[in-house]
Every structure is written in structure tokens, then in C-alpha cells.
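Enquirer:
Numbering (our numbering), first residue to last: 52 to 153.
1) Hey, residue 112 and residue 96: beta-carbon distance below 8 Å or not?
2) Residue 87 to residue 137, Cα distance in whole Å?
3) Between 135, 140, 79, which lies nearest to residue 151 when the distance is taken from Cα to Cα?
4) Indicate the three-state DSSP secondary structure (helix, strand or coil) for residue 57 in the structure shown.
5) Out of curiosity, what's the CA-to-CA distance linking residue 84 and residue 153?
6) Hey, which unbroken runs of the alpha helix (DSSP H) at 4 residues or more fall wholly within the stretch 76-114?
7) Pull up the distance between the alpha-carbon of residue 104 and that of residue 73, whole angstroms please.
8) Alpha carbon to alpha carbon, how far is residue 134 from residue 100?
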């Protein structure tokens with residue numbers, strides 16, 4: 052009887068891990084698809100950030116021309132920090148790729 056009880060607990064635990072992993076894989080697939088789909092918009096943001104137009108818009112914001120407009124994109128480090136975060140995430144994803152391939 053003790054062996055059946057241990058087997059039951061083991062199967063319940065493995066079932067829980069199995070479903071948790073299914074959910075994680077599904078969530079990761081969804082997020083990766085979103086990143087892929089949004090890549091053209093991200094590249095557009097980088098082009099803007101590296102353009103003279105960005106500097107012109109920063110100047111206008113500094114002069115108060117965009118008082119009632121959210122301008123996080125014009126913050127001194129906002130886009131730069133996003134760029135760094137994405138580079139760090141890319142490195143982490145490369146590491147995780149090996150973990151997924153087991």
C-alpha cells in the first residue's frame with residue numbers, strides 16, 4: 052500500500068510539473084512571436100532615436116512644446132536603456148536556448 056501511495060504522489064507531482072512546463076512553453080512561444088512581430092516597430096524606434104529628428108523633438112520638448120504629451124521616448128536615457136535591456140535579454144536567451152534543448 053505504501054508503494055502505491057508514493058507512486059500516486061510522484062505521478063501527481065510530475066503531472067504538476069508537466070502542466071507548469073506546458074504553460075511556460077506556451078507563454079514563451081507567445082512572447083517570442085510578439086517580439087518577432089514588433090521588431091519592425093522597434094527598428095523604427097531605433098532609426099528615430101539615431102536621427103536628427105529625435106534631437107529636434109528633444110529640443111521642442113525642452114522648450115515646453117509638448118506640455119500635455121507623454122514624452123518618455125525623449126527622456127535622456129529611455130531608449131538607450133531599452134536598447135541595453137534588449138541586448139542583455141538576447142544574451143540571456145542564448146544561454147536559455149541550451150537549457151530548452153535538453
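Here a beta-carbon is modelled for each residue, glycine too, at the ideal position from N, C-alpha and C.
Please read all numbers here as calculations on a predicted model, not as lab measurements.
Expert: On the basis of the data shown:
1) Within the chain shown, residue 112 is the residue found at index 61, counting from 1. Within the chain shown, residue 96 is the residue found at index 45, counting from 1. No. Outside cutoff.
2) Residue 87 sits at position 36 when you count from the first residue of the chain shown. Residue 137 sits at position 86 when you count from the first residue of the chain shown. Spanning the alpha carbons of residue 87 and residue 137 requires a straight line of approximately 13 Å.
3) Locating residue 151 in the chain shown gives position 100, counting from the first residue. When each option's Cα is compared against that of residue 151, the closest is 79.
4) Along the chain shown, read from residue 1 onward, the residue named residue 57 stands at position 6. Assignment of residue 57 by DSSP, reduced to helix, strand and coil, places it in the helix class.
5) Taking the first residue of the chain shown as 1, we reach residue 84 at position 33. Taking the first residue of the chain shown as 1, we reach residue 153 at position 102. Distance between residue 84 and residue 153, taken at the CA atoms: about 22 Å.
6) Within the stretch 76-114, complete alpha helix (DSSP H) segments of at least 4 residues are found at 103-113, given in chain order.
7) The count along the chain shown starts at 1 and reaches residue 104 at position 53. The count along the chain shown starts at 1 and reaches residue 73 at position 22. Cα-Cα distance, rounded: 45 Å.
8) The residue given as residue 134 occupies position 83 in the chain shown. The residue given as residue 100 occupies position 49 in the chain shown. Answer to the nearest angstrom: the Cα atoms are 11 Å apart.
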